[in-house]
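Colleague:
Numbering (the working numbering), first residue to last: 0 to 71.
See below:
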């Protein structure tokens with residue numbers, strides 16, 4: 000069962016040079032790409048499961064038919 004997203008705690012982001020920012024961004028992009036490539040089918044299945052309509056148990060007490068002889 001998927002866990003709810005957690006919020007990151009406040010983090011102090013230090014100043015970085017332009018080159019450092021671009022290098023870190025490139026590493027993160029490549030890591031994300033490799034992660035998604037490796038786990039693509041699992042990610043796809045999990046997203047499909049999250050978006051699947053779940054079976055809904057109807058409310059037995061919602062709008063009863065009082066003319067039904069089997070009701071009472």
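We put the CB at the ideal spot given by N, CA and C, even for glycine.
Taking DSSP as the reference, what is the three-state secondary structure of residue 51?
Modeller: Counting from one through the chain shown, the residue named residue 51 turns up at place 52. Looking at residue 51 - three-state DSSP - the assignment turns out to be coil, as it is neither helix nor strand.
Colleague: With a cut-off of 8 Å on the beta carbons, I'd call residue 48 and residue 42 a contact; round off their distance for me.
Modeller: One-based indexing of the chain shown puts residue 48 at position 49. One-based indexing of the chain shown puts residue 42 at position 43. Contact flag wrong, Cβ pair sits at about 11 Å.
Colleague: What is the rounded straight-line gap between the Cα of residue 46 and the Cα of residue 39?
Modeller: Within the chain shown, numbered from 1, the residue matching residue 46 stands at position 47. Within the chain shown, numbered from 1, the residue matching residue 39 stands at position 40. Approximately 10 Å between the Cα atoms of the pair.
Colleague: Where do the ends of the alpha helix (DSSP H) carrying residue 18 lie?
Modeller: Taking the chain shown and counting its residues from 1, the one referred to as residue 18 is at position 19. 17 to 37 is the span of the alpha helix (DSSP H), which, as asked, contains residue 18.
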